[in-house]
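Numbering (our numbering), first residue to last: 3 to 199.
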């Protein structure tokens, strides 16, 4: 009867364990990261939806907030950027909705188009999830048209720019639309809603 393992058997066993670990760990790590991203996006959606609903309840629909539609212009490099008036409209939007977002930091959204991609700021939630851009269409947004697209929010869950140097979207940027009464997920720039995102 055999009482122990030989060194060769131990090394073979450790080698097999190592190969199995090398094959399964990357998949487990990727699944964990995806679940963490999904959890952060869901949390943002819940918190921001409640804030938007409260803002509408107390201030009326977004067409009553004194906002104007977003406009872009070209900078000296030919890049499309938000006009200064549009950036001020975003601040007005966030001043209204910000009363209902507790524990969130705020940096004004600004133009940073260029080689390093976009890194616009808006509300930054305690877990780091942030609004990195938006687009407003309050002129199309009235109580008479409950399904109107009143604008979009671009949300990211990492600290990378929304675009890379080649102009490709960061896959961790998610788009939410809003109508007169609620905010709803639109997906990513690669989704069926790419005209909105």
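Glycine included, C-beta positions come from ideal geometry on N, C-alpha and C.
A direct Cα-Cα distance of roughly 15 Å separates residue 18 from residue 7. The DSSP-derived three-state label of residue 82 is strand.
Collapsing the DSSP output to three states places residue 136 in a strand. Excluding its 5 nearest sequence neighbours in each direction, residue 88 has C-beta neighbours in its own chain below 6 Å: 72, 73, listed in chain order. Judged by DSSP secondary structure, residue 157 falls within the beta strand (DSSP E) whose first and last residues are 153–158. From the listed residues 43, 70, 99, 156, the smallest Cα separation to residue 86 is found for 70.
Our two residues, residue 83 and residue 178, have alpha carbons roughly 20 Å apart in a direct line.
Comparing C-alpha distances from residue 68 to each of 91, 14, 20 shows the shortest one belongs to 91. Cβ neighbours of residue 56 within its own chain (closer than 6 Å, five residues either side excluded): 102.
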